[in-house]
């Protein structure tokens, strides 16, 4: 184990997989000479050379499509989006080509590709630079979507994503890149996609939260513990496929569920989790499933407004108290 | 990775690290005199080439003739089957454009080189040697179709021919062609990628991004603009400020050429040259002028053009042109060519019977081919 920043864990995963498999390469804006817009790929150009760490012009649709074509023809690309907000310029490439060519070809082609980069709001960046894209990409059969909350998961999940034969959307976070944590250094340390992690065991309420929201969940669990309530915190880690079984098992014990999701609320990850929970665990629920999300608006710029926009620990705490019927 | 290769790559990287090409300090200057810009584009007109100079034997010519005719007869039958509601969805016919697909297929190493195209894809599929059976069965939505009934007319694929589809979003597949070429270069396997698209795709940003990336990274790709003069019902002059598409090559520092797509010899002459250039990592843009006789799709009566225009174009028909050429040069006889036609018709008729008999895909196959992962937990 070593202490690493989130960005270092992602870099370590990429380096290990590029050392292991010559077909893996990294392409994107500023990934090479600039050492990465957020320094995730720092030193990688020097290490692997320009054949395998490739700077691009600002042409998201072009280089995303280039990656998919390369995957169709036998390579295993890692495509970095400077942020997933810019992936919308390449939307057709992701949702039509990456997601559907395997299907439309009757399974003749596999598309082993990872699209990775920061996702979601990162402070006062205003509306176009603050989108949470997990529910958008999870909508599309053919894609897998991963959203880790800590450096160790980031490394183990990214390595699995790179080795996966399906296209994976790998969602990071600007605000988490500097977060430190213990990371497993075993080059064969792989965390399977589609498996949730029970981060904390508890009896009174199940909190489901991924990526940055996971840290809100832990904070809320601490506050509840001070009052004598024990929350079970589940980090799904993978959004598609989602490990509903682990959530349902937990609810069978706690009979209550709160979802924290920094997406906008309509047709979001939290919508689907709430639906699946009522379908699979209706008889076990002692209270309606509640969720804490971003506001149903674009992300604002002003400091007070963006703070108000984001899901807060206070709101999540209140939601937990509400489903436990204690005030 | 071999350590030798890494040393070589690191050396290249040091050059790049200087920030400017070869470490020069580049200053942006505005010259005092007007800038004149000149560029030469090769042309490949119809009727300008002989089979001898292309090195084609009588047998080659008969095979080329048969292949173009197969595409024509296949699609004529497909149109009939559409009328009988055996084929559904969109059906875009290639009739009139067969010299482009056949000429291209005869200019590459099929199965080694790659091909990708848009939704008007039956012609190139048959040109690459896909069978009429698997193509017709796909149109019928049957399990023996080339895409197992999951793709239909617009989404033919064949991995063993390195045919990467059949794509329905205009311009959306062009970056894939660049990526396929990127992989050829990365693997150093000597392959090139022919990337076909229509005149309509020239309005899509992806095409221009693709051209820039291919030229920037020096990728083994030939961009082939099949200019059939109409994007659905919109004539090129109604959609583009510059309708001389070959000229776009100059914007991306690539060679460009203008090719008559109604003569298979012209297509082959041009393709051979630019495929060879691509093998040396020089991408290019070919505008191939052609014409589709039918409407955009089966529902299109093509009222946006005159009968006279269509009749004039039919006089340039690529299949009739080759037939006349062979007869004039004593390379074949009417009897022999009629026999080929009869044989092709038989093959196409057999494909209809094959497609009729092929089973529908089983309902459980709906969950197959979505993911490579065999036990993906689909939501019920």
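Protein chains in written order, with the working numbering: chain A, 130 to 456; chain B, 18 to 397.
Beta carbons: idealized from backbone N, C-alpha and C, even for Gly.
- Contact check for residue 327 of chain A against residue 282 of chain A fails: the beta carbons are separated by 8 Å or more.
- Under the Cβ criterion of 8 Å, residue 341 of chain B is not counted among the residues facing chain A.
- The Cβ atoms of residue 239 of chain B and residue 212 of chain B lie closer than 8 Å to each other.
- Looking at B:317, B:218 and B:53, the one whose alpha-carbon comes closest to that of residue 188 of chain B is B:218.
- Among the residues of chain B, those whose CB is under 9 Å from the CB of residue 222 of chain A are 189, 192, 193 and 223, following chain order.
- Chain-order list of chain A residues neighbouring residue 197 of chain B: 198, 199, 201 and 202, by C-beta distance under 8 Å.
- Short of 8 Å from the beta carbon of residue 236 of chain A, and not among the five residues preceding or following it, lies no beta carbon of its own chain.
- For residue 420 of chain A, the uninterrupted beta strand (DSSP E) segment begins and ends at 419-422.
- Around the beta carbon of residue 123 of chain B, a 10 Å sphere encloses 16 or more other beta carbons of the protein chains shown; the residue is thus reported as buried.
- If you draw a straight line from the Cα of residue 249 of chain B to the Cα of residue 82 of chain B, it is about 28 Å long.
- By DSSP's assignment, residue 206 of chain A forms a beta bridge with A:154.
- In the three-state reduction of the DSSP assignment, residue 119 of chain B falls in the helix class.
- If the five residues before and after residue 143 of chain B are omitted, its C-beta is found closer than 8 Å to the C-beta atoms of 84, 87, 88, 91, 118, 149 and 152, all from its own chain and listed in chain order.
- The Cβ atoms of residue 273 of chain A and residue 296 of chain A sit closer than 8 Å to each other.
- The beta-bridge partner set that DSSP reports for residue 367 of chain A consists of A:275.
- In the three-state scheme derived from DSSP, where H, G and I count as helix and E and B as strand, residue 175 of chain B is classed as strand.
- For residue 328 of chain A, the uninterrupted beta strand (DSSP E) run begins and ends at 326-329, by DSSP.
- Taking C-beta atoms as the reference points, residue 416 of chain A and residue 250 of chain A fail to come closer than 8 Å.
- With a contact defined as Cβ atoms closer than 8 Å, residue 244 of chain B and residue 216 of chain B qualify at about 4 Å.
- Residue A:284 holds the alpha-carbon nearest to the alpha-carbon of residue 317 of chain A among A:308, A:284, A:299 and A:377.
- Taking 8 Å as the threshold, the shortest C-beta distance from residue 170 of chain B to chain A does not fall below it.
- In the three-state reduction of the DSSP assignment, residue 309 of chain A falls in the strand class.
- Neighbours of residue 386 of chain B in chain A, taken as residues at a C-beta separation under 8 Å, are given in chain order as 231, 232, 234, 235 and 236.
- Contact between residue 389 of chain A and residue 336 of chain A holds, with the beta-carbon distance rounding to 7 Å and staying under 8 Å.
- Residue 335 of chain B sits in a helix when the DSSP states are folded into three classes.
- Around the beta carbon of residue 181 of chain A, 16 or more other beta carbons lie within 10 angstroms, which makes this residue buried.
- For the region 379-405 of chain A, the set of positions with a beta-carbon nearer than 7 Å to some beta-carbon of chain B is empty.
- Listed along chain A, the residues sitting closer than 7 Å to residue 176 of chain B by beta-carbon distance are 237 and 238.
- Closest in alpha carbon position to residue 156 of chain B, among B:222, B:191 and B:95, is B:95.
- By the neighbour-count criterion, in which 16 or more other beta carbons inside 10 Å mark a residue as buried, residue 130 of chain A falls on the exposed side.
- Residue 217 of chain B sits in a helix when the DSSP states are folded into three classes.
- The continuous alpha helix (DSSP H) containing residue 155 of chain B extends over residues 149-156.
- A Cβ-Cβ contact shorter than 8 Å links residue 275 of chain A with residue 367 of chain A.
- Judged by beta-carbon spacing, residue 133 of chain A lies within the 8 Å limit of residue 310 of chain A, meaning their Cβ atoms are closer than that value.
- Non-local C-beta neighbours of residue 330 of chain A in its own chain, meaning closer than 6 Å and more than five positions away in sequence, comprise 361, ordered along the chain.
- Linking residue 211 of chain A to residue 444 of chain A through their CA atoms gives a straight-line distance of about 31 Å.
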